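Residue numbers (UniProt numbering): 1 to 42.
Idealized CB from N, CA, C, for every residue including glycine.
Predicted, not measured: the structure shown is a model, and the values here were computed from it.
Read through the structure below, which is laid out as structure tokens, and then see the notes.
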């Protein structure tokens, strides 16, 4: 379901990067981050 949202973002903005960020609620910080779709390089 999350990947479908990422795919929809990529289709709506094909030239932009789409990044998925995992938030660690216990540590109150970012746990993980990765680029799901690469956009056009500048």
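Less than 8 Å separating the beta-carbons of residue i and residue j?
i: residue 30; j: residue 21; result: yes
i: residue 6; j: residue 36; result: yes
I need the straight-line Cα distance from residue i to residue j, nearest angstrom please.
i: residue 16; j: residue 26; result: 31 Å
i: residue 9; j: residue 34; result: 15 Å
i: residue 1; j: residue 11; result: 15 Å
With respect to the alpha helix (DSSP H) encompassing residue i, which residues constitute its N-terminal and C-terminal limits?
i: residue 11; result: 2-12
What first and last residue would you give for the beta strand (DSSP E) that runs through residue i?
i: residue 39; result: Per DSSP, residue 39 belongs to no beta strand (DSSP E) and is neither H nor E.
Which of the three DSSP states is assigned to residue i in this structure?
i: residue 28; result: coil
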